[in-house]
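J.: Here it is, the structure in full.
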Amino acid sequence: ALELPLGGPLGGHVYRMGRGAVEQHDPITVRALYLEDKETRVVLVSADVYSISPELRARVLSMLPDSISENHVILTATHTHNGPGGLSQNWFARRYLGGYDSAMVDRVVEGIAQVIAEAMVNKARATIGYSVSSKMLLTQNGFSKGGTRDDELGVIRVDDSDGNPIAILGSLSAHPDTIGRSNSLAFSADYPGYFCTKLESLSHEKTVAFFLSGAMGDQVCSNRKELSSWDWTEYIGNELAVNVKSISNKIDC
290 ALELPLGGPL
300 GGHVYRMGRG
310 AVEQHDPITV
320 RALYLEDKET
330 RVVLVSADVY
340 SISPELRARV
350 LSMLPDSISE
360 NHVILTATHT
370 HNGPGGLSQN
380 WFARRYLGGY
390 DSAMVDRVVE
400 GIAQVIAEAM
410 VNKARATIGY
420 SVSSKMLLTQ
430 NGFSKGGTRD
440 DELGVIRVDD
450 SDGNPIAILG
460 SLSAHPDTIG
470 RSNSLAFSAD
480 YPGYFCTKLE
490 SLSHEKTVAF
500 FLSGAMGDQV
510 CSNRKELSSW
520 DWTEYIGNEL
530 AVNVKSISNK
540 IDC
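Taking my numbering, the leading residue of the sequence shown gets 290, the next gets one more, and so forth.
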């Protein structure tokens, strides 16, 4: 989890007009999965930020150990609309991320570098498998009623040599923007945070959960129960975790 200062910039909405965070509702985290075989080393990072800026990526790559190729580092954002901002100097990005904040960049970069190092140090023999389901009811088209809906859910599971899950990754296309304006000045991972917490509680004690954002575009979370604010956020996260766990249980690594 990243330690973020209150008053720090938030990323994800133009209507904040540069206002900083007044509270932290739940942890903002960075997670890393390291995989290697005899020929290739790969690092996958999932960070609770709105986007991976060029500045952020360049800084992370500059801190990599020599054994990792830059082309084998996959940096992903969960795309929470309530994560740390100030991560880009680009004039257009600043509308969504707030004014550039080098101290915030430092915090996120240091967090990513730390989890990469820990993942590499703690490597163990492992097997991997994946599955895809197309029966999700958690998404809808946010721009066109009855429009195209991406209901695909991808799941990857990595097991240790005893068959216990080390990591479970779930990928869904739906903007993490369920919190609403009344809580727009709170740091939060949105539903990916609830998803990771719930999935880890349902899994082996060693399991680390990862949320990977799909090509979200016009896809948003459905709200069949007509919930609002944190109730909606928690519901989506928990439902997604239950679905991912069910799919994961059937994967042959």
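Every residue gets a Cβ at the ideal spot worked out from N, C-alpha and C, and that includes glycine. The model shown is predicted, which means the values in this text are computed figures rather than measured ones.
Using only alpha-carbon positions, find the residue among T329, L529, G436 and T416 that is nearest to N450.
T.: For the sequence presented, residue 450 should be read as Ser rather than Asn. Of the candidates T329, L529, G436 and T416, the one whose C-alpha sits nearest the C-alpha of S450 is T416.
J.: Answer with buried or exposed for E407, where buried requires no fewer than 16 other C-beta atoms within 10 angstroms of its C-beta.
T.: Exposed is the call here.
J.: With three or more beta-carbon pairs closer than 8 Å as the criterion, would you say the stretch 350-359 touches the stretch 379-388?
T.: At 8 Å Cβ cutoff, the stretches do not touch.
J.: Let me check one thing: in DSSP terms, what residues is N532 bridge-paired to?
T.: DSSP, once it has assigned bridges, lists no residue as partnering N532.
J.: State the start and end residues of the unbroken beta strand (DSSP E) segment that holds L239.
T.: Here the chain covers residues 290 to 542 and nothing more, so residue 239 does not appear.
J.: Classify G503 as helix, strand or coil using the three-state DSSP reduction.
T.: Three-state result, G503: coil.
J.: Residues in its own chain within less than 7 Å of E528 by CB, not counting five upstream and five downstream?
T.: For E528, where only same-chain residues beyond five positions count, the Cβ hits under 7 Å are L427.
J.: Do you know how far the Cα of A463 is from the Cα of S502?
T.: Computed Cα separation, rounded: 7 Å.
J.: C542 by DSSP, collapsed to three states: which one?
T.: In this structure, C542 counts as coil in the three-state DSSP scheme.
J.: If we count the other Cβ atoms within 10 Å of its Cβ and call it buried at 16 or more, is L345 buried or exposed?
T.: When all chains shown are included, L345 counts as buried.
J.: Only counting the same chain, and skipping five residues up and downstream in sequence, which positions put a Cβ closer than 6 Å to that of S422?
T.: Around S422: L442 and I536.
J.: Rounded C-beta distance between D541 and G418? I'm assuming under 8 Å.
T.: The pair is a contact, with the Cβ atoms about 6 Å apart (cut-off 8 Å).
J.: In whole angstroms, what separates the C-alpha of R394 from that of V338?
T.: First, the amino acid is wrong: residue 394 is Val here, not Arg. Each residue's Cα considered, the two are about 11 Å apart.
J.: Return the first residue and the last residue of the alpha helix (DSSP H) that V447 is part of.
T.: That residue, V447, is in no alpha helix (DSSP H); its beta strand (DSSP E) goes L442 to D449.
J.: For L488 versus I457, is the C-beta spacing smaller than 8 Å?
T.: Against a cut-off of 8 Å, the Cβ pair of I457 and L488 comes out as a contact.
J.: So, helix, strand or coil for L322, using DSSP?
T.: L322 falls in the strand class under three-state DSSP.
J.: Skipping 5 residues on each side, what residues in its chain have a beta carbon closer than 7 Å to that of D439?
T.: Cβ neighbours of D439 beyond the five flanking positions: T428, S462, G503 and Q508.
J.: Within this structure, are the beta carbons of P481 and T369 separated by less than 8 Å?
T.: Their beta carbons are under 8 Å apart, which means P481 touches T369 by this criterion.
J.: To which residues of the same chain is L324 closer than 6 Å at the C-beta, ignoring the five residues directly before and after it?
T.: So the list reads V331, once near-sequence residues are dropped.
J.: Using CA coordinates, which residue listed in S492, V533, S477 and N538 is at the minimum distance from G309?
T.: G309 has its Cα closest to that of S477, out of S492, V533, S477 and N538.
J.: At 3 residues or longer, what runs of the beta strand (DSSP E) sit wholly inside the stretch 290-334?
T.: Taking only runs of at least 3 residues, the beta strand (DSSP E) segments lying wholly in the stretch 290-334 are 319-325.
J.: Find the nearest neighbour of G436 within the set S511, N379, Q403 and A413, judged by alpha-carbon distance.
T.: For G436, the nearest C-alpha among the options comes from S511.
J.: Taking the alpha-carbon of S377 as reference, which of A347, A498 and T367 has the nearest alpha-carbon?
T.: Residue A347 is the option with its Cα nearest to S377.
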